[in-house]
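Protein chains: 2
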Amino acid sequence: MALIVQKFGGSSVANRDRIFNVARIVANTHNAGNDVVVVVSAQGDTTDDLIAKAQEITHDPSGREMDMLLCAGEQISIALLCMALGELGCKAISLLGWQAGFITDSSHQKARIRKVDTERLEAELGKNQVVVVAGFQGICRADDLTTLGRGGSDTSAVAIAAAMKADLCQIYTDVEGVYTADPRIVKKAKKLSEIAFDEMLELASLGAQVLNNRSVELAKKYNVKLEVLSSLNPVPGTIVKEVANMEGMMIKGVAKDTNVSSIAVLGVHDQPGIAFKVFSLLAQRKINVDLILQSVGRDGTKDITFTVASTDRRQAVEILTESIGRFGAKKVEYDDDVAKVSVVGAGIQSNANVASTMFEALYESNINIRMISTSEIKISVLIEKKDADKAVNAIHEAFLG
Amino acid sequence: MALIVQKFGGSSVANRDRIFNVARIVANTHNAGNDVVVVVSAQGDTTDDLIAKAQEITHDPSGREMDMLLCAGEQISIALLCMALGELGCKAISLLGWQAGFITDSSHQKARIRKVDTERLEAELGKNQVVVVAGFQGICRADDLTTLGRGGSDTSAVAIAAAMKADLCQIYTDVEGVYTADPRIVKKAKKLSEIAFDEMLELASLGAQVLNNRSVELAKKYNVKLEVLSSLNPVPGTIVKEVANMEGMMIKGVAKDTNVSSIAVLGVHDQPGIAFKVFSLLAQRKINVDLILQSVGRDGTKDITFTVASTDRRQAVEILTESIGRFGAKKVEYDDDVAKVSVVGAGIQSNANVASTMFEALYESNINIRMISTSEIKISVLIEKKDADKAVNAIHEAFLG
Numbered sequence: 001m002a003l004i005v006q007k008f009g010g011s012s013v014a015n016r017d018r019i020f021n022v023a024r025i026v027a028n029t030h031n032a033g034n035d036v037v038v039v040v041s042a043q044g045d046t047t048d049d050l051i052a053k054a055q056e057i058t059h060d061p062s063g064r065e066m067d068m069l070l071c072a073g074e075q076i077s078i079a080l081l082c083m084a085l086g087e088l089g090c091k092a093i094s095l096l097g098w099q100a101g102f103i104t105d106s107s108h109q110k111a112r113i114r115k116v117d118t119e120r121l122e123a124e125l126g127k128n129q130v131v132v133v134a135g136f137q138g139i140c141r142a143d144d145l146t147t148l149g150r151g152g153s154d155t156s157a158v159a160i161a162a163a164m165k166a167d168l169c170q171i172y173t174d175v176e177g178v179y180t181a182d183p184r185i186v187k188k189a190k191k192l193s194e195i196a197f198d199e200m201l202e203l204a205s206l207g208a209q210v211l212n213n214r215s216v217e218l219a220k221k222y223n224v225k226l227e228v229l230s231s232l233n234p235v236p237g238t239i240v241k242e243v244a245n246m247e248g249m250m251i252k253g254v255a256k257d258t259n260v261s262s263i264a265v266l267g268v269h270d271q272p273g274i275a276f277k278v279f280s281l282l283a284q285r286k287i288n289v290d291l292i293l294q295s296v297g298r299d300g301t302k303d304i305t306f307t308v309a310s311t312d313r314r315q316a317v318e319i320l321t322e323s324i325g326r327f328g329a330k331k332v333e334y335d336d337d338v339a340k341v342s343v344v345g346a347g348i349q350s351n352a353n354v355a356s357t358m359f360e361a362l363y364e365s366n367i368n369i370r371m372i373s374t375s376e377i378k379i380s381v382l383i384e385k386k387d388a389d390k391a392v393n394a395i396h397e398a399f400l401g
Numbered sequence: 402m403a404l405i406v407q408k409f410g411g412s413s414v415a416n417r418d419r420i421f422n423v424a425r426i427v428a429n430t431h432n433a434g435n436d437v438v439v440v441v442s443a444q445g446d447t448t449d450d451l452i453a454k455a456q457e458i459t460h461d462p463s464g465r466e467m468d469m470l471l472c473a474g475e476q477i478s479i480a481l482l483c484m485a486l487g488e489l490g491c492k493a494i495s496l497l498g499w500q501a502g503f504i505t506d507s508s509h510q511k512a513r514i515r516k517v518d519t520e521r522l523e524a525e526l527g528k529n530q531v532v533v534v535a536g537f538q539g540i541c542r543a544d545d546l547t548t549l550g551r552g553g554s555d556t557s558a559v560a561i562a563a564a565m566k567a568d569l570c571q572i573y574t575d576v577e578g579v580y581t582a583d584p585r586i587v588k589k590a591k592k593l594s595e596i597a598f599d600e601m602l603e604l605a606s607l608g609a610q611v612l613n614n615r616s617v618e619l620a621k622k623y624n625v626k627l628e629v630l631s632s633l634n635p636v637p638g639t640i641v642k643e644v645a646n647m648e649g650m651m652i653k654g655v656a657k658d659t660n661v662s663s664i665a666v667l668g669v670h671d672q673p674g675i676a677f678k679v680f681s682l683l684a685q686r687k688i689n690v691d692l693i694l695q696s697v698g699r700d701g702t703k704d705i706t707f708t709v710a711s712t713d714r715r716q717a718v719e720i721l722t723e724s725i726g727r728f729g730a731k732k733v734e735y736d737d738d739v740a741k742v743s744v745v746g747a748g749i750q751s752n753a754n755v756a757s758t759m760f761e762a763l764y765e766s767n768i769n770i771r772m773i774s775t776s777e778i779k780i781s782v783l784i785e786k787k788d789a790d791k792a793v794n795a796i797h798e799a800f801l802g
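Going down the list, the sequences are from chains H and D.
Per the numbering used here, the very first residue in the first sequence carries number 1; after that it's consecutive.
Per the numbering used here, the very first residue in the second sequence carries number 402; after that it's consecutive.
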């Protein structure tokens with residue numbers, strides 16, 4: 001008998017039929033002799049509908065009241081799923097985040113989990129029943145409701161799996177697993193049977209959007225075995241774990257990220273600490289910088305070029321333009337029509353062939369590379385946005401075709 | 402400075418404009434220097450929508466899961482109202498039933514309040530802010546959510562007013578107060594400026610449907626001064642208190658109740674204890690009996706006729722028909738086409754003129770009386786349902802016209 005945590009997203013419980021579909025998966029797992037804890041998100045568009053209600057009233061709601069509002073979404077779906085389990089003859093009980101012991105800090109809308117107090121979870125599981133937990137939510141020490149931010153239900157599921165030392169944490173989605181590229185872009189994309197945490201982290205941060213990064217980090221930290229699989233098609237998914245099967249292909253995937261803009265600070269003084277000043281200004285506003293390129297100009301000045309998330313671009317340019325005098329820069333320019341395309345796989349950096357194969361594929365597709373970044377397990381290039389899908393296909397064909 | 406509890410029903414917070422209307426009433430009360438606790442119901446049709454979602458899944462949901470589901474409704478409205486108060490510059494904080502200290506028993510769907518632990522309520526009020534509490538809900542000792550049943554938000558408001566010794570508990574509705582008859586039926590119906598708890602209880606149980614009976618009972622028990630008034634039209638409403646102004650009219654109102662059926666058990670043995678057997682059978686199933694008539698038949702048998710709520714009629718007839726042999730009855734008959742019409746006012750029983758005036762009014766309208774019941778403060782008659790509105794008008798004209 002194993003302890004399995006199963007997480008279902010909003011589209012998986014969007015209506016009556018979907019809820020019964022989920023209930024059957026859960027009941028089958030329980031009937032096979034496993035202890036099952038289920039984590040669910042709010043139904044379909046519920047969260048967006050609640051946000052719209054709030055926006056009708058104010059554009060600047062308090063974080064505490066937004067959390068109070070949004071927590072109602074999962075409360076509805078856990079109750080409905082328990083009713084469906086009851087209809088299938090499977091005993092079940094629902095627990096809100098606070099009832100399931102999710103103690104967080106008081107950062108409303110993006111709370112961090114301090115601990116999961118599993119006392120009640122264990123007591124309810126001990127009654128030979130499925131426990132259905134509201135994802136995304138917790139409670140802070142002041143007894144106020146909190147939410148964990150986007151993708152929070154994945155994090156809830158992994159946190160329970162970690163706290164209860166579950167044998168497996170299954171993340172059910174609307175895709176069958178993790179693919180070597182987005183199947184909507186690359187026809188030949190293949191489903192991976194296994195992937196390592198670090199590879200998954202790179203893919204997630206590169207825009208693969210299968211798993212929330214925070215949940216993968218948490219799974220890595222507590223060594224929780226994850227499986228990404230489909231709630232609609234009952235086939236094995238992709239296992240995410242510490243070390244993936246070393247045989248087979250080194251390249252795990254090709255990802256594109258179009259939520260990226262490049263910013264160039266032109267003509268700064270060529271003196272020590274200038275780059276530090278630029279980036280610490282952005283760090284103070286919690287703007288993450290990704291690819292960085294520094295070039296020496298003809299006249300003894302430097303150009304610093306880097307990328308940020310497109311959603312941060314406006315603020316970043318404003319801050320830098322205000323402070324332009326502090327680094328003696330001439331100009332701040334930006335470009336939103338860029339995309340980042342990356343290959344991910346353990347051991348990439350120690351294999352020179354990967355970079356050359358990637359650059360050759362882009363060259364043959366007549367795609368210009370603007371910036372390059374490498375890490376132990378990935379190589380990323382910045383290209384024009386219009387070339388992104390062509391680049392993903394060319395690179396995928398070169399490595400995995 | 403007074404402490405005022407204000408309760409707003411679902412239609413009062415049904416949409417953005419209504420929510421701001423409520424927020425203005427609350428903010429004005431707060432700005433006038435009062436401490437204000439607000440109790441709100443779920444928005445408009447939210448509760449019915451949630452019930453419909455549950456019924457799509459099962460016709461027999463567990464009470465615990467229904468309470469989990471329904472509590473989401475008030476959670477949404479308290480958050481939205483706090484956001485609107487914020488927009489108006491009025492500091493406010495929302496509290497769920499359990500956060501506001503509502504400890505109940507564990508009878509899901511119809512929980513009884515054991516106590517209101519006002520510690521947090523008082524602490525939040527102490528921060529010079531409005532406290533907005535989710536009506537209808539509480540928590541039992543097992544840390545599970547509970548709901549108080551229909552009209553529960555009125556009860557929540559009165560319970561807070563009682564626990565905090567509030568100076569006034571205002572129940573805002575879509576009518577301006579308590580009338581001498583339903584203004585939709587009787588054109589000349591007048592708004593009462595005051596009414597006694599006992600009179601209000603009779604009117605509520607007779608179908609006046611302005612205030613939930615349980616909340617009036619609670620207000621009477623703890624001597625909470627109530628005011629029923631309109632959230633849309635800012636004029637003084639009706640005060641409900643221990644002893645209403647003794648001057649003025651003795652008759653406080655004329656009410657009709659069409660949720661009533663009569664049942665006749667015909668030809669039972671004329672022996673002691675037969676009536677007791679009939680009514681104890683119904684009491685075991687928690688079916689309340691109202692008007693009762695016992696008549697001796699020609700052949701040494703008796704007929705027992707009584708009324709029940711229409712919603713209980715089917716079950717009552719089934720139970721009695723099954724047990725017909727136990728009282729040697731010949732037949733069980735019923736009639737759903739009946740209505741109960743009543744006059745209410747303190748001192749009615751000691752004034753013989755009231756009964757005769759009422760019966761005369763019905764006689765002159767050619768309305769046949771089937772059953773009569775009197776108490777210290779009311780006289781009720783059972784008539785044909787089709788005559789109900791005519792009867793209310795005739796009686797109102799005779800006493801209050």
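No residue lacks a Cβ here, since even glycine has one placed at the ideal position from N, Cα and C.
All values reported here derive from a predicted model rather than from experimental measurement.
- Put simply, the CB of M759/D is far from chain H, with every gap to its CB atoms at 8 Å or more.
- For Q129/H, the nearest beta carbon of chain D is not closer than 8 Å to its own beta carbon.
- Of all alpha-carbon atoms in Q685/D, I773/D, H670/D and L682/D, the one lying nearest the alpha-carbon of L692/D is that of I773/D.
- Neighbours of R16/H in chain D, taken as residues whose beta carbon is under 9 Å from its own, are K454, E457 and I458 in chain order.
- DSSP places H670/D within a strand segment (E or B) once states are collapsed to three.
- Counting along the chain, the unbroken beta strand (DSSP E) around Q294/H starts and ends at V289 to V296.
- Pairing V317/H with I274/H gives a Cβ-Cβ distance that is not under 8 Å.
- Taken atom to atom, the span from the alpha-carbon of V216/H to that of E194/H is near 14 Å.
- Cβ contact annotation for K591/D (same chain, cutoff 8 Å, sequence separation greater than five): Y580, T581 and L801, in chain order.
- Within chain D, I458 have C-beta atoms less than 7 Å from the C-beta of I19/H, given in sequence order.
- Shortest Cα-Cα distance from S231/H to any of D270/H, A14/H, N15/H and V22/H involves V22/H.
- For D154/H, the number of other beta carbons within 10 angstroms of its own is at least 16, and it is reported as buried.
- Burial of H431/D is indicated by the presence of at least 16 other C-beta atoms within 10 angstroms of its C-beta.
- The beta carbon of L85/H is closer than 7 Å to those of A23, V26, A27, A92 and V130 in its chain, skipping five residues each way along the sequence.
- Nearest C-alpha to H59/H among D449/D, T547/D, L470/D and M484/D: M484/D.
- Residue range R417 to N432 is occupied by the alpha helix (DSSP H) that includes F421/D.
- For a cut-off of 8 Å, the C-beta gap from G668/D to D704/D is around 7 Å, short enough to register as a contact.
- For S412/D, no chain H residue has a Cβ inside 7 Å of its Cβ, as the nearest lies near 17 Å away.
- In chain H, no part has a C-beta under 9 Å from the C-beta of G748/D; the shortest such distance is about 49 Å.
- Between K741/D and V661/D, the C-beta spacing is below 8 Å.
- For V679/D, the enclosing alpha helix (DSSP H) starts and ends at I675 to Q685.
- If one requires a minimum length of 3 residues, the beta strand (DSSP E) runs lying completely within the stretch 580-663 of chain D are 595-597, 627-631, 639-642 and 654-658, in chain order.
- Residue-level contact by beta carbon holds for I477/D and chain H, with a gap shorter than 8 Å.
- Contact between I377/H and V344/H holds: their C-beta atoms lie close to 6 Å from each other, under 8 Å.
- With fewer than three CB-CB distances shorter than 8 Å, the stretch 352-368 of chain H does not count as touching the stretch 211-227 of chain H.
- For I19/H, same chain residues with a beta-carbon under 7 Å away, outside a window of 5 residues either side, are V13, L80, L81 and A84 in chain order.
- Between D544/D and H509/D, the C-beta spacing is not below 8 Å.
- For G527/D, no CB of chain H lies under 8 Å from its own CB, so it is not counted at the interface with that chain.
- Assigned with DSSP and collapsed to three states, A453/D falls in helix.
- Exposed is the label assigned to F276/H, since fewer than 16 other Cβ atoms lie within 10 Å of its Cβ.
- Boundaries around G539/D are those of the beta strand (DSSP E), Q538 to I540, since no alpha helix (DSSP H) includes it.
- Chain-order list of chain H residues neighbouring C483/D: E65, by C-beta distance under 7 Å.
- A535/D and F680/D have their C-alpha atoms some 39 Å from each other.
- Between the stretch 561-572 of chain D and the stretch 515-524 of chain D, the count of Cβ pairs shorter than 8 Å is three or higher; the stretches touch.
- In this chain, L471/D is not harboured by any beta strand (DSSP E); it is covered by the alpha helix (DSSP H) spanning G464 to E488.
- DSSP places V175/H outside both helix and strand once states are collapsed to three, so it counts as coil.
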